[in-house]
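J.: This is the structure, below, for whatever I ask next.
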Amino acid sequence: MDWKHLLYEEKGAVGIVTIHRPEKLNAINRETFLELRALFGQIAEHEPVRAVILTGSGERAFVAGADIEELATLSPVEARALSALGQSVMEGIARCPKPVIAAVNGWALGGGLELALCCHFRIASAKARLGLPEVSLGLIPGYAGTQRLPRLVGPGMALQMVTTGDPIDAAEALRCGLVNRVVEPEALLEACEQIAGRIAARGPLAVRFALEAVARGLDGTLEGGSWLEQALFGLLWTTEDMREGTRAFLEKDKAGPKFQGR
Numbered sequence: 201m202d203w204k205h206l207l208y209e210e211k212g213a214v215g216i217v218t219i220h221r222p223e224k225l226n227a228i229n230r231e232t233f234l235e236l237r238a239l240f241g242q243i244a245e246h247e248p249v250r251a252v253i254l255t256g257s258g259e260r261a262f263v264a265g266a267d268i269e270e271l272a273t274l275s276p277v278e279a280r281a282l283s284a285l286g287q288s289v290m291e292g293i294a295r296c297p298k299p300v301i302a303a304v305n306g307w308a309l310g311g312g313l314e315l316a317l318c319c320h321f322r323i324a325s326a327k328a329r330l331g332l333p334e335v336s337l338g339l340i341p342g343y344a345g346t347q348r349l350p351r352l353v354g355p356g357m358a359l360q361m362v363t364t365g366d367p368i369d370a371a372e373a374l375r376c377g378l379v380n381r382v383v384e385p386e387a388l389l390e391a392c393e394q395i396a397g398r399i400a401a402r403g404p405l406a407v408r409f410a411l412e413a414v415a416r417g418l419d420g421t422l423e424g425g426s427w428l429e430q431a432l433f434g435l436l437w438t439t440e441d442m443r444e445g446t447r448a449f450l451e452k453d454k455a456g457p458k459f460q461g462r
């Protein structure tokens, strides 16, 4: 399928999604949300892909924010509908059964940071700048930034970023836990591909269940999350992948296990 605002390629078991609106610094609009929903829906069902990298086109921006020209034309009802659409799309990415790594290659502002926040983790270029500047427009984040950011960095740091609108650099993002790692710009995609490749080599059902256990556990209580972990742990004992993984370990198979996702 051809995409208007996205680029997509597969390198082995790794899918690479690129927001491609270079003339707008990859600013995200309604059409882009709809394309992201459709593409990630396909990726979720496409068995050969076992990990995903999400990045932005060019060297300047991951996603520089929402498309302000589009926002400025909206009525209050339309604005709420766009917020609901954006939140739904980002929740779909957050619930993707394959790990999604944000390769933050430049500015990640407003909706761009919110898009990075919904990924399972983030690797940043040393030149990246991350922020939620909506208050400078008389707005607040609309794509769950006020909810995801404090869960990741704590309420104090999140409130500083949301209420000042000031971006932080990659080093500060690493310090506060907003990103997992910072690399030089030219090494960013390779670093993400290496991590994605290691994930892709693991048992795909185990990875999928791990994502579910963490996500649902964080939504509830420790007791409820632990119960879910028990259930998923036991369920994996019914899989061929579990038997293949333990066989390779016990036999010291240098080639490693050959997981089939069954």
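Numbering (this note's numbering), first residue to last: 201 to 462.
Ideal placement from N, C-alpha and C gives every residue a C-beta, glycine not left out.
What runs of the beta strand (DSSP E), each 3 residues or longer, lie entirely inside the segment 334-410?
T.: 381-383, all fully within the segment 334-410.
J.: Return the first residue and the last residue of the alpha helix (DSSP H) that I228 is part of.
T.: Your numbering for residue 228 matches position 28 in the sequence shown. Unbroken run through I228: none, as it is neither H nor E.
J.: Between which two residues does the alpha helix (DSSP H) carrying R443 extend?
T.: Along the sequence shown, read from residue 1 onward, the residue named residue 443 stands at position 243. First-last of the alpha helix (DSSP H) with R443: 440-450.
J.: To which residues of the same chain is A413 closer than 8 Å at the C-beta, ignoring the five residues directly before and after it?
T.: Residue numbering aside, residue 413 sits at position 213 when the sequence shown is read from its first letter. Once the five neighbours on either side are set aside, the close Cβ partners of A413 are G425, L428, E429, L432.
J.: Using 8 Å as the Cβ pair cut-off and three pairs as the minimum, do the segment 437-450 and the segment 311-331 touch?
T.: Flag = no, the segment 437-450 and the segment 311-331 do not touch.
J.: The beta strand (DSSP E) that contains L254, what's its start and end?
T.: Position 54 of the sequence shown, counted from the start, is the residue given in the question as residue 254. Here the beta strand (DSSP E) through L254 covers 251-256.
J.: Could you spell out where the alpha helix (DSSP H) holding G280 opens and where it closes?
T.: Counting from one through the sequence shown, the residue named residue 280 turns up at place 80. Residue 280 is actually Arg in this sequence, not Gly. Counting along the chain, the alpha helix (DSSP H) containing R280 begins and ends at 276-294.
J.: Just tell me which of R295, P457, A396, E444 has its CA closest to the CA of L418.
T.: Along the sequence shown, one-based indexing puts residue 418 at 218. Looking at the Cα atoms, R295 is the closest of the given residues.
J.: Determine the burial state of F262: buried for a count of at least 16 other Cβ atoms within 10 Å of its Cβ, exposed for fewer.
T.: Here residue 262 is taken as the residue at index 62 of the sequence shown, counted from 1. So F262 counts as buried.
J.: Could you tell me the alpha carbon to alpha carbon distance between G265 and L313, rounded to whole angstroms?
T.: What you label residue 265 is simply residue 65 of the sequence shown in a count that begins at 1. What you label residue 313 is simply residue 113 of the sequence shown in a count that begins at 1. Their backbone Cα atoms lie some 8 Å apart in a straight line.
J.: Between R381 and the rest of its own chain, which residues show a CB-CB distance below 8 Å, the 5 nearest in sequence each way excluded?
T.: Numbered from its first residue, the sequence shown carries residue 381 at position 181. Here the set comprises I323, A324, L374, A391.
J.: I228: which of L309, P297, M357, G292 sits nearest, CA to CA?
T.: Residue 228 sits at position 28 when you count from the first residue of the sequence shown. Answer by Cα proximity: L309.
J.: By DSSP's criteria, V214 is part of a beta bridge. Which residues make up the other side?
T.: In the sequence shown, counting from the first residue as 1, residue 214 sits at position 14. In the DSSP output, where bridge partners are listed per residue, V214 has K211, A251.
J.: Take Q460 and list the residues in its own chain whose beta-carbon comes closer than 7 Å to its own, dropping the five residues that flank it on each side.
T.: By one-based count along the sequence shown, residue 460 stands at place 260. Taken in chain order, the residues that qualify are E440, D441.
J.: Express the C-alpha separation of A415 and T421 in angstroms, rounding to a whole number.
T.: Locating residue 421 in the sequence shown gives position 221, counting from the first residue. Locating residue 415 in the sequence shown gives position 215, counting from the first residue. Near 12 Å, if we compare the C-alpha coordinates of A415 and T421.
J.: Assign V277 to buried or exposed, taking buried as 16 or more other Cβ atoms, counted over all protein chains shown, within 10 Å of its Cβ.
T.: Numbered from 1 along the sequence shown, position 77 holds the residue referred to as residue 277. With fewer than 16 Cβ atoms within 10 Å of its Cβ, V277 is classed as exposed.
J.: What is the residue span of the alpha helix (DSSP H) that F433 lies within?
T.: The residue given as residue 433 occupies position 233 in the sequence shown. Residues 422-436.
J.: Going by beta-carbon coordinates alone, are Y343 and G258 separated by less than 7 Å?
T.: The residue you call residue 343 lines up with position 143 of the sequence shown. The residue you call residue 258 lines up with position 58 of the sequence shown. No.
J.: By the three-class DSSP mapping on this structure, what secondary structure does L418 have?
T.: Position 218 of the sequence shown, counted from the start, is the residue given in the question as residue 418. In the structure shown, L418 sits in a helix (DSSP, three-state: H, G or I).
J.: Where does the unbroken alpha helix (DSSP H) through G316 begin, and where does it stop?
T.: Counting from 1 along the sequence shown, the entry for residue 316 is found at position 116. Looking at the sequence provided, one finds Ala at residue 316 rather than Gly. From DSSP, the alpha helix (DSSP H) with A316 extends over 311-318.
J.: Per DSSP, what kind of secondary structure is L330 in: helix, strand or coil?
T.: Taking the sequence shown and counting its residues from 1, the one referred to as residue 330 is at position 130. Residue state, collapsed to three classes: strand.
J.: Would you mind reading off the limits of the alpha helix (DSSP H) that contains E269?
T.: To locate residue 269, count along the sequence shown from 1; it is residue 69. Per DSSP, E269 belongs to the alpha helix (DSSP H) from 268-271.
J.: Any idea which residues DSSP pairs R322 with across the strands?
T.: Start at 1 with the first residue of the sequence shown, and residue 322 comes out as number 122. Paired residue(s): A302.
J.: Run the CB neighbour count on T232, radius 10 Å, all protein chains shown included, and call it buried at 16 or more, exposed below.
T.: Here residue 232 refers to the residue found at position 32 of the sequence shown. Buried is the call here.
J.: What do you get for T255, buried or exposed, if any count of 16 or more other CB atoms within 10 angstroms of its CB means buried?
T.: Position 55 of the sequence shown, counted from the start, is the residue given in the question as residue 255. With 16 or more Cβ atoms within 10 Å of its Cβ, T255 is classed as buried.
J.: Output needed for I340: all residues of its chain with C-beta closer than 6 Å, excluding positions within five of it in sequence on either side, in chain order.
T.: To locate residue 340, count along the sequence shown from 1; it is residue 140. Once the five neighbours on either side are set aside, the close Cβ partners of I340 are E334.
J.: Considering just the uninterrupted stretch of the beta strand (DSSP E) at A261, what are its terminal residues?
T.: For the purposes of this step, residue 261 is taken as residue 61 along the sequence shown, with counting starting at 1. Segment 261-263, the beta strand (DSSP E) holding A261.
J.: With distances taken from CA atoms, which of G212, N305, L411 is nearest A370?
T.: By 1-based counting over the sequence shown, the position of residue 370 is 170. That would be N305, whose Cα lies nearest to the Cα of A370.
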